Amino acid sequence: MKPTTVGTYGVCLALAAAALAGCGGASNRSGKAEIVDGGTFTLGLSSDPGGLDPQMGAGTSLFTVTQFAYDSLVSVDGRTGEIQPALAKSWQVQRKSVTLTLADGITCSDGTRLTASAVANNLNFVADPKNKSPFLGTFLPAGTTAKGDDTTRAVTLTLARPAPFVLNGLSGLPIVCPGGMARRSSLKTATAGTGPYKLVEAAPGDHYTYTIRDGYTWGPNGATTATKGLPKTVVIKVVENETTAANLLLSGGLNAAQVAGPDADRLEKAGLYAAKTPALVGEQWYNHRAGRVTGDPRVRKALTQALDLGQLQKVLTSGHGTAATTLAANEPVACPGDSVSHALPAGDPQAAGALLDQAGWTKGGDGRRTKGGKPLKLTFLYQNNSGSGGDAAAELAVRQWKAIGVEATAHSQNETTLTSTLFGAGDWDVAWASVNVSSPDQLVPFLSGPAAPQGNNFAAISDPDYDAAVKSAMKIQGVAGCRDWLAAESGLIAKADVVPFAGKVVRTFGKAAEFQTPGQLIPTSIRMLAK
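In terms of the numbering used here, the sequence shown opens at residue 1044 and continues consecutively.
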């Protein structure tokens, strides 16, 4: 889920963040420090990625580490949104067909040559529902089949139906080399990719070490590992506590880490470099499954109206946030606009109480609501990557629900645990999990279709109006259909099927290094600096 980026799946939780490449992502670079070759770049990560198979998980932590060892077929310029070369040097898109021609000389980390048929095998693996890749329907349209011609190096995708942002999706799909495809289980703790780095040590829960690959020349828009300033070694260190990460940045124990809470202010005051990217950081989901209290639409609407979302936004973002405008907020945003402000239910605790009365949840003399002798209790989950602001916002939400007679218990979880709970159909009623993607079609599997664990629809949303709107929007290629996509989002938001309430410019701070972060940190953008 693209927070990461912020989020879970961002599930960013960032629940899913599209893998963007190129230059992009604002920064505060001074231009005074000398770029130096080699050295070790140490990146702090707020959650362990778990298994490292790049096509079988969608949490932001996994996305972050995936970029170092794997490439996608195309990249997206982080500033303009233009599709650019990566593994593919050229492409042609027709209504229900995409043909990509691979660049020459691409090799895997084990020295084997990447062929068109190997790429086709990747796409067919993801496309097979039996494999349960979370990228099916997100980055690769459902029903796609692929064939590779090793002579011409052409990979042809046949689509079941038109896909308006198919190339944007392919930019987020990492390609696994034949050795990894043949020994799938090995990908849990090793890498088999064409990327600029290769994993040489995995210590789950603590760190992951990568070493640079010589001769890499096929990076996003022609990036190579011969570029001056790239680190020879990359160490990705798991640091769950944000204050600890900030202290390590200041002391030189880390070269980079995303810091979103109050600690970000002291890092900025200390003059540290910061790469910046907008993200959706506050997004409330309800468990729609039958048998959960939030399976009732009246309860979902009431819980939304009970909250002062503007106040929650300020607390969550430590006063640095903005109102959310779209559900697909990762830059470059494919469909800019506002699907939120006019649709988001307004705060109204009195109306919320009336809805709960209608749903049969009546308030007793002690102020608590019950139905058939059962109290109205919620299990409320939120991710631990927003620092003290996240904890304070969760506490505020619990108090505001209590004011209308609802008892909520808040649990902070790291991204890996939260993703597992949500996508494993675990025990939860309300969750704050930011799904960060760049185009609205990438959200469809999260907002419709099979419920988790069979699909990506972790909230088990079933909305015929949204499904019909998506069907209509899918028929229109590219940005021409954005009006329909934004209308589809607004319909969900008006019903409180999903509640986006906070955006923020997320900062990844650097010490003795600079880099770009359009969606994810781009390995080939790293430049080591003299200390």
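The beta carbon of each residue, even a glycine, is placed where N, CA and C say it ideally should be.
Computed from a predicted structure; not experimentally measured.
key: Within 9 Å, strictly: CB atoms of Ser1104 and Ser1090   = In the sequence shown, residue 1104 corresponds to position 61, counting from 1. In the sequence shown, residue 1090 corresponds to position 47, counting from 1. Yes, they are a contact pair.
Proximity of Leu1572 and Glu1244 at Cβ, strictly below 9 Å = In the sequence shown, the residue the question calls residue 1572 occupies position 529. In the sequence shown, the residue the question calls residue 1244 occupies position 201. Not a contact, by the Cβ cut-off of 9 Å.
Proximal residues to Asp1351 (C-beta, below 6 Å), its chain only, five neighbours per side dropped = On the sequence shown, residue 1351 is found 308 positions in, with the first residue counted as 1. Closer than 6 Å at Cβ, skipping near neighbours: Gly1390.
query = Any idea what DSSP makes of Val1278, helix, strand or coil?
reply = Here residue 1278 is taken as the residue at index 235 of the sequence shown, counted from 1. Shown here, Val1278 sits in a strand according to DSSP, grouped into three states.
task = Could you check what DSSP says for Ser1533 in three-state terms: helix, strand or coil?
result = For the purposes of this step, residue 1533 is identified with residue 490 of the sequence shown, where counting begins at 1. Correct three-state label for Ser1533: helix.
query = Leaving out five residues before and five after Arg1226 in sequence, what residues of the same chain have Cβ atoms less than 7 Å from its Cβ?
reply = Residue numbering aside, residue 1226 sits at position 183 when the sequence shown is read from its first letter. The answer is none, since no qualifying residue turns up.
message = Quick check: what's the CA-CA separation for Phe1544 versus Ala1367?
response = Translated into positions along the sequence shown, residue 1544 becomes position 501. Translated into positions along the sequence shown, residue 1367 becomes position 324. Cα-Cα distance, rounded: 5 Å.
request  = Just the C-alpha distance for Asp1381 and Ser1491, rounded to the nearest angstrom, thanks.
outcome  = Here the question's residue 1381 lines up with position 338 in the sequence shown. Here the question's residue 1491 lines up with position 448 in the sequence shown. Near 21 Å, if we compare the C-alpha coordinates of Ser1491 and Asp1381.
key: First and last residue of the uninterrupted alpha helix (DSSP H) at Phe1489   = Counting from one through the sequence shown, the residue named residue 1489 turns up at place 446. Looking at the DSSP string, the run of the alpha helix (DSSP H) that includes Phe1489 is Val1487 to Leu1490.
task = Please confirm whether Ile1279 and Thr1320 have their CB atoms less than 9 Å apart.
result = By 1-based counting over the sequence shown, the position of residue 1279 is 236. By 1-based counting over the sequence shown, the position of residue 1320 is 277. Not in contact: Ile1279 and Thr1320 (Cβ atoms no closer than 9 Å).
task = Locate the beta strand (DSSP E) running through Asp1192, then write down its first and last residues.
result = Position 149 of the sequence shown, counted from the first residue, corresponds to residue 1192. Going by DSSP, Asp1192 is part of the beta strand (DSSP E) stretching over Thr1188 to Asp1192.
task = Please determine, among Thr1123, Gly1534 and Asn1500, the residue with the shortest C-alpha to C-alpha distance to Ala1511.
result = Here residue 1511 refers to the residue found at position 468 of the sequence shown. Of Thr1123, Gly1534 and Asn1500, the residue nearest in Cα terms is Gly1534.
Alpha-carbon spacing of Gly1498 relative to Thr1187, whole angstroms = Taking the sequence shown and counting its residues from 1, the one referred to as residue 1498 is at position 455. Taking the sequence shown and counting its residues from 1, the one referred to as residue 1187 is at position 144. Counting only the Cα atoms, Thr1187 lies some 17 Å from Gly1498.
message = Quick check: Leu1183 and Val1162, are their CB atoms within less than 9 Å of each other?
response = Walking along the sequence shown from the start, residue 1183 turns up at place 140. Walking along the sequence shown from the start, residue 1162 turns up at place 119. Their beta carbons are not under 9 Å apart, which means Leu1183 does not touch Val1162 by this criterion.
ask   = Alpha carbon to alpha carbon, how far is Gly1191 from Pro1097?
value = Position 148 of the sequence shown, counting from 1, holds the residue named residue 1191. Position 54 of the sequence shown, counting from 1, holds the residue named residue 1097. Looking at the backbone, the Cα of Gly1191 and that of Pro1097 are separated by about 21 Å.
request  = Report the three-state DSSP secondary structure of Leu1200 (helix, strand or coil).
outcome  = The count along the sequence shown starts at 1 and reaches residue 1200 at position 157. Leu1200: strand per DSSP, three-state reduction.
query = Which residue's Cα is closest to the Cα of Leu1419: Gly1469, Ala1437, Trp1444 and Ser1429?
reply = Taking the sequence shown and counting its residues from 1, one reaches residue 1419 at position 376. Looking only at Gly1469, Ala1437, Trp1444 and Ser1429, the smallest Cα-Cα distance to Leu1419 is reached by Trp1444.
inquiry  = From the DSSP secondary-structure annotation, give me the bridge partner or partners of Trp1471.
reply    = Position 428 of the sequence shown, counted from the first residue, corresponds to residue 1471. The partner list for Trp1471 (beta bridge, DSSP) is empty, contrary to what the question assumes.
query = Between the stretch 1204 to 1216 and the stretch 1475 to 1491, do at least 3 Cβ pairs fall closer than 8 Å?
reply = A contact exists between the stretch 1204 to 1216 and the stretch 1475 to 1491.
query = Leaving out five residues before and five after Ala1402 in sequence, what residues of the same chain have Cβ atoms less than 6 Å from its Cβ?
reply = Along the sequence shown, one-based indexing puts residue 1402 at 359. Once the five neighbours on either side are set aside, the close Cβ partners of Ala1402 are Asp1339, Arg1341 and Val1342.
Per DSSP, the bridge partner or partners of Arg1156 = Residue 1156 sits at position 113 when you count from the first residue of the sequence shown. Per DSSP, the beta bridge partners of Arg1156 are Thr1150.
message = Please give me, in chain order, every unbroken run of the beta strand (DSSP E) with length at least 3 that falls completely inside the stretch 1400 to 1469.
response = Those beta strand (DSSP E) runs which fall completely within the stretch 1400 to 1469 and span 3+ residues are 1412 to 1414, 1420 to 1426 and 1450 to 1456.
ask   = What's the C-alpha gap between Gly1087 and Tyr1425?
value = Here residue 1087 refers to the residue found at position 44 of the sequence shown. Here residue 1425 refers to the residue found at position 382 of the sequence shown. Between Gly1087 and Tyr1425, the C-alpha separation is close to 20 Å.
ask   = Between which two residues does the alpha helix (DSSP H) carrying Lys1547 extend?
value = Translated into positions along the sequence shown, residue 1547 becomes position 504. It is not in any alpha helix (DSSP H) - Lys1547 instead sits in the beta strand (DSSP E) that spans Val1541 to Gly1553.
Close Cβ partners of Thr1199 (< 6 Å) along its chain, the five nearest in sequence each way excluded = Taking the first residue of the sequence shown as position 1, residue 1199 is located at position 156. Only Thr1142 and Lys1190 meet the Cβ criterion.
query = When the Cβ atoms of the stretch 1311 to 1326 are set against those of the stretch 1549 to 1557, are three or more pairs found closer than 8 Å?
reply = The stretch 1311 to 1326 vs the stretch 1549 to 1557: in contact.
key: Cα-Cα separation between Thr1254 and Thr1276, rounded to whole angstroms   = Indexing the sequence shown from 1 puts residue 1254 at position 211. Indexing the sequence shown from 1 puts residue 1276 at position 233. When rounded, the distance between both Cα atoms is 5 Å.
task = Flag this pair as touching only if the stretch 1115 to 1132 and the stretch 1257 to 1271 have three or more C-beta atom pairs under 8 Å; answer yes or no.
result = The stretch 1115 to 1132, when compared against the stretch 1257 to 1271, does touch it at the 8 Å Cβ threshold.
ask   = For Gln1327 versus Val1542, is the C-beta distance shorter than 9 Å?
value = Locating residue 1327 in the sequence shown gives position 284, where the first residue counts as 1. Locating residue 1542 in the sequence shown gives position 499, where the first residue counts as 1. A Cβ-Cβ contact shorter than 9 Å links Gln1327 with Val1542.
ask   = Quick one: Cα of Val1441 to Cα of Asp1470, how far?
value = Within the sequence shown, numbered from 1, the residue matching residue 1441 stands at position 398. Within the sequence shown, numbered from 1, the residue matching residue 1470 stands at position 427. Spanning the two alpha carbons is a distance of roughly 18 Å.
inquiry  = What ranges does the alpha helix (DSSP H) occupy inside the stretch 1234 to 1285, keeping only unbroken runs of at least 4 residues that lie completely in it?
reply    = For the alpha helix (DSSP H) assignment, the stretch 1234 to 1285 encloses no uninterrupted run of at least 4 residues.
The alpha helix (DSSP H) enclosing Ala1131, as first and last residue numbers = The residue given as residue 1131 occupies position 88 in the sequence shown. No alpha helix (DSSP H) contains Ala1131, which is instead part of the beta strand (DSSP E) from Ala1131 to Val1136.
task = State yes or no: is the C-beta of Arg1122 within less than 9 Å of the C-beta of Pro1375?
result = Your numbering for residue 1122 matches position 79 in the sequence shown. Your numbering for residue 1375 matches position 332 in the sequence shown. Cβ atoms of Arg1122 and Pro1375: closer than 9 Å.
Selection from Thr1158, Leu1292 and Gln1110 that minimises the alpha carbon distance to Pro1217 = As a first step, residue 1217 is located in the sequence shown; it is residue number 174 there, counting from the start. Residue Gln1110 is the option with its Cα nearest to Pro1217.
task = Going by CA-CA distance only, name the one from Ala1516, Ala1556, Pro1177 and Leu1166 that's closest to Ser1463.
result = Reading the sequence shown from its first residue, position 420 is the one you call residue 1463. It is Pro1177 whose Cα lies nearest to the Cα of Ser1463.
ask   = Is DSSP giving Pro1340 helix, strand or coil here?
value = Stepping through the sequence shown from its first residue, residue 1340 is reached at position 297. Shown here, Pro1340 sits in a helix according to DSSP, grouped into three states.
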